[in-house]
Amino acid sequence: MEVYRIKPPQVIILIFLCVLVGLAYMLHLDLVDLFNESLIKLMMNGVLVLALIPMINAGAGINFGLPVGIIGGLLGLCITVNFRLTGFAGFFTSLLLSVVFCCMLGWLYGMLLNKVKGREEIAGTFIGLSMIPLMNCFWTLVPFQNRQMLYPIGGQGLRPKISLEPYFNNILDNMALAKIGAVEIPLGFIAFFSLICLLLALFHRTKVGRATIATGENEEFSRLSGIDIAKIRLIAIILSTVLAGIGICVYSQSYGFIQLYDEPLAMYFPAISAILIGGSTGRRAFIFEAVLGTYLLQTIYLLSVPIANEILVPEITEILRSLITYSIILYALLHRSGRRLSH
1 MEVYRIKPPQ VIILIFLCVL VGLAYMLHLD LVDLFNESLI KLMMNGVLVL
51 ALIPMINAGA GINFGLPVGI IGGLLGLCIT VNFRLTGFAG FFTSLLLSVV
101 FCCMLGWLYG MLLNKVKGRE EIAGTFIGLS MIPLMNCFWT LVPFQNRQML
151 YPIGGQGLRP KISLEPYFNN ILDNMALAKI GAVEIPLGFI AFFSLICLLL
201 ALFHRTKVGR ATIATGENEE FSRLSGIDIA KIRLIAIILS TVLAGIGICV
251 YSQSYGFIQL YDEPLAMYFP AISAILIGGS TGRRAFIFEA VLGTYLLQTI
301 YLLSVPIANE ILVPEITEIL RSLITYSIIL YALLHRSGRR LSH
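Residue numbering for the sequence shown follows UniProt numbering, beginning at 1 and increasing consecutively.
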């Protein structure tokens, strides 16, 4: 049985997190409230991080084209809100629509990545970047009728932020919320997130899932074993895109707003950073690594804001977040390149 080993990025983040917790305690911040919010942050961002796993395990690299799936999820959310669907019916309708759109987008995305095999990460980056201006035109011209979604002046084009307050804001956060003193445990949200993790784990136990892992570990051997490499990679990319769409629906109901236009660009780097912090080198990824990395990164984000407000210039918080995010990605990419050279 393989023993899990803590890697350098995790050591750095754990030390930094301990320092932040110590500072929060000395500044008399409410650690219970911070813990409650850290649980929400884990599941709020966790599905977007899980979305990276299928492509990594299929040998298609880190999914820098995550905005493709995010856009599919945003489409599902906007259509649901346009028809004013509320509660669980509205939320699960948005999930269903997101899956449909993401399957179509994921198929196109997968076909493109199969054409540029070996350069998936750079191609995915530019595909994701090119989708943003295209969708910006769509958000401006789409003929939705719900006035709460449209600009108040002129009534044409969707707002950059659309409130989910009248529809399904915090629908998962407040589902089966258990309170033990001041500690709040969102049992419903935990169950939903655990179900996503379980389904992804079960996928990797299926014939297709095992073929996905085999393809990522040794593509030439997999080809000789009769595995259709292009088909397996396409399935993994579609699955990754679908999970990204579900992830943005989960994120939006927690955040309370649908964020359009350039906002998807701000969502994929933290997700990538989280899975790398969890221990993945971008060649193989596990669910545990995604969950651990998400909790570590989001807790640091959560603690850095009130501490920066107390002892530092508040504007330094965003600089700190960017520094952590990009430094971890750079380290992981350099570490992976070093391993390739050594082999």
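The C-beta atom is built at its ideal place from N, Cα and C for all residues, glycine as well.
query: Can you tell me whether DSSP reads PHE126 as helix, strand or coil?
result: helix
- prompt: Where do the ends of the alpha helix (DSSP H) carrying GLN148 lie?
  reply: Note, GLN148: premise wrong, no alpha helix (DSSP H); not H, not E.
message: Let me check one thing: in DSSP terms, what residues is GLU184 bridge-paired to?
response: LYS179
message: Does GLN253 pass the burial test, meaning 16 or more other C-beta atoms within 10 Å, or should it be called exposed?
response: buried
- request: Jot down the residue ranges of each uninterrupted beta strand (DSSP E) in the segment 230-284, minimum 3 residues, whole runs only, in chain order.
  value: 257-259
query: Is the CB-CB distance between THR241 and GLY69 below 8 Å?
result: yes
query: For VAL11, does the three-state DSSP call read helix, strand or coil?
result: helix
query: ILE62 lies in the beta strand (DSSP E); which residues open and close that run?
result: Where ILE62 is concerned, there is no enclosing beta strand (DSSP E), given that its DSSP letter is neither H nor E.
field: Cut-off 7 Å between Cβ atoms - residues of its own chain near residue 372, not counting five sequence neighbours on either side
entry: With the chain represented from 1 up to 343, any question about residue 372 goes unanswered, as that position is not in the structure.
task: Return the chain-ordered list of same chain residues with a C-beta closer than 7 Å to the C-beta of LYS178, the five sequence neighbours on each side being excluded.
output: At residue 178 the sequence reads Ala, which differs from the Lys that was named. Once the five neighbours on either side are set aside, the close Cβ partners of ALA178 are ILE185 and LEU187.
- prompt: Cβ of VAL81 within 7 Å of any heavy atom in the ligand GDP?
  reply: Of the ligands one can find in the structure shown there are none, so the ligand GDP has no counterpart to examine.
query: On the three-pair Cβ rule with 8 Å, is the segment 29-45 touching the segment 224-244?
result: no
- prompt: Out of MET175, VAL116, VAL81 and ALA182, which has the shortest C-alpha to C-alpha gap to LEU150?
  reply: VAL81
- prompt: Does the segment 52-68 touch the segment 199-214, meaning 3 or more C-beta pairs lie closer than 8 Å?
  reply: yes
field: One or two residues paired with residue 367 in a DSSP bridge
entry: Nothing in the structure corresponds to residue 367, since the chain is present only between 1 and 343.
query: Going along the chain, which residues of its own chain have a beta-carbon closer than 6 Å to the beta-carbon of residue 358, five neighbours each way excluded?
result: What the structure shows of the chain is the stretch from 1 to 343, and residue 358 is not part of that stretch, so it cannot be assessed.
query: ILE95 to MET26, Cα distance in whole Å?
result: Strictly speaking, residue 95 in this sequence is Leu, with Ile absent from that position. In a straight line, the C-alpha of LEU95 is about 43 Å away from that of MET26.
query: How many Å lie between PHE83 and ASN146 at the Cα?
result: 7 Å
- prompt: By the 10 Å Cβ neighbour count, where 16 or more other Cβ atoms means buried, how is SER273 classified, buried or exposed?
  reply: buried
query: Quick one: Cα of ALA24 to Cα of ASN36, how far?
result: 15 Å
- prompt: Taking C-alpha atoms, which residue in HIS28, MET44 and VAL142 lies nearest to LEU297?
  reply: MET44
task: Evaluate TYR109 with the Cβ neighbour count: other Cβ atoms within 10 Å of its Cβ, from every protein chain shown; 16 or more gives buried, anything less gives exposed.
output: buried
message: If the criterion is Cβ atoms closer than 8 Å, does the pair PHE101 and TYR268 meet it?
response: no
- prompt: For ALA236, which option in GLY256, ALA60 and CYS249 has the closest C-alpha, if you only look at C-alpha atoms?
  reply: ALA60
With 16 other Cβ atoms within 10 Å as the buried cut-off, status of ILE196: buried
- request: Just the C-alpha distance for ILE287 and ALA244, rounded to the nearest angstrom, thanks.
  value: 15 Å
task: Please check the pair LEU158 and CYS78, which I expect to be a contact at CB under 8 Å, by giving their CB distance rounded to whole angstroms.
output: 7 Å
message: Taking the alpha helix (DSSP H) that TYR301 belongs to, which residues open and close that run?
response: 287-311
message: Taking only three categories from DSSP, how would you classify HIS28?
response: coil
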